[in-house]
Amino acid sequence: WFSGTVASVAIIATTLVVLNTKNKENELVENNNNLSVLSDTAQTKFINPPAPGIDVKKDRYFVNADAGGKIIHHTGTEIDIPSGSFIKEDGTPVVGEVEIEYREFHDQVDIFFSGIPMEYDSAGTKYNFESAGMMEIYAYQNGEKLKIAPEKELNIAMTSYNPDAKFNLYYLDEEAKNWDYRGKDSIVNEQDFTFSPSP
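No gaps in the numbering here: position 124 of the sequence shown is 115 in the numbering used here, and each next residue is one more.
In structure tokens:
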């Protein structure tokens, strides 16, 4: 489904900039070398799954907002959440337990059923993205969607099954209905790790 010369998404290692919380349609999608934040536009259905109910399931995790913590997803993705990372819509710091809702998209089938638009306009020329993976993350407390504090960042090392370094980082602005190029992110290949035996 997705071809062309513009590539998106490789391994995300560092910046989760915002959790937009205007309404229930807000979504944050961060990609392998593709950071995509989907903000709200319930009226326009910019993110429009073709068959609701077949979409990728969301996993839920819990972390203490005061202490922070690390989430290790079943794919191997690691999400580091610093202490004091979350605020409410009015800017009030969040304390206590926070629910993290997370999912990943790794192939064309996942992406197709997500309804995420994969077309990119560059200087009036339209391209289709080739994806090495994307992610979506939300934070809630007592049903209220939270935001990231301005001085904080979540550090995410996302697992990708495509080791190619050609992929870029993008931010999807649902309100403006376009992808915003964010440059490159760092990639670490699993074989580059050296493991020491436990004593």
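Backbone N, C-alpha and C define an ideal beta-carbon position, used for all residues, glycine too.
- Comparing alpha-carbon positions, the option among ASN169, ILE107 and PHE53 lying closest to THR116 turns out to be ASN169.
- The three-state reading of DSSP puts ASP50 in strand, counting E and B together.
- In this structure, the straight-line span from the alpha carbon of TYR152 to that of GLY67 is close to 11 Å.
- A distance below 9 Å separates the beta carbons of ILE102 and MET125.
- By the neighbour-count criterion, in which 16 or more other beta carbons inside 10 Å mark a residue as buried, ALA56 falls on the buried side.
- Around the beta carbon of HIS97, 16 or more other beta carbons sit within 10 angstroms, so the residue counts as buried.
- The Cβ atoms of PRO108 and LEU145 do not sit closer than 9 Å to each other.
- Between ILE78 and TYR93, the C-beta spacing is not below 9 Å.
- CA-CA distance, GLU88 to ASP46, rounds to 27 Å.
- Bridge partners of VAL100 according to DSSP: none are assigned.
- Its Cα nearest to that of GLN99, the residue ASN119 stands out among VAL85, ASN119, LYS49 and LYS157.
- The three-state secondary structure of SER76, taken from DSSP, is coil.
- Counting along the chain, no beta strand (DSSP E) covers GLU166, and no H or E run does either.
- DSSP places SER105 within a helical segment (H, G or I) once states are collapsed to three.
- The shortest CA-to-CA distance from TYR172 to any of VAL179, THR150 and TYR161 is the one to TYR161.
- By the neighbour-count criterion, in which 16 or more other beta carbons inside 10 Å mark a residue as buried, SER74 falls on the exposed side.
- The straight-line gap separating the alpha-carbon atoms of GLU80 and GLU121 is approximately 34 Å.
- For LYS117, the uninterrupted beta strand (DSSP E) segment begins and ends at 116 to 119.
- DSSP places VAL89 within a strand segment (E or B) once states are collapsed to three.
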